[in-house]
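J.: First, the structure itself, so that you have it in front of you.
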Amino acid sequence: MTLNELETQYKEAVDIIGNQLQNALLELSRTEAIITQIGETLENLTRNMEEFIQQQEQID
Numbered sequence: 017m018t019l020n021e022l023e024t025q026y027k028e029a030v031d032i033i034g035n036q037l038q039n040a041l042l043e044l045s046r047t048e049a050i051i052t053q054i055g056e057t058l059e060n061l062t063r064n065m066e067e068f069i070q071q072q073e074q075i076d
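Just so you know, the sequence shown maps onto residues 17 to 76 in the numbering used here.
Here it is, written out as structure tokens:
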């Protein structure tokens with residue numbers, strides 16, 4: 017293996033790693049957005065359940 021071949025392999029590997037890291041960060045951002053949506057949905061469900069319970073207590 018020559019120095020040029022080693023340098024080429026190194027640069028290609030660094031490029032691949034860079035792309036993989038970039039893809040991982042994009043997926044992480046998507047995952048964070050989904051988790052935020054899930055949290056908001058759970059908050060809404062909790063609020064609705066609390067309102068329902070309060071209404072039922074007023075009826076009784």
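Heads up, the beta-carbon is just placed ideally off N, CA and C, and yes, glycines get one too.
For Thr18, name the three-state secondary structure that DSSP assigns.
T.: If DSSP states are grouped into helix, strand and coil, Thr18 belongs with coil.
J.: What's the gap between the Cα of Glu43 and the Cα of Leu61?
T.: Cα-Cα distance, rounded: 27 angstroms.
J.: Between which residues of its own chain and Ala40 is the CB-CB distance below 8 angstroms, once the five residues before and five after are set aside?
T.: Answer for Ala40: no residue qualifies.
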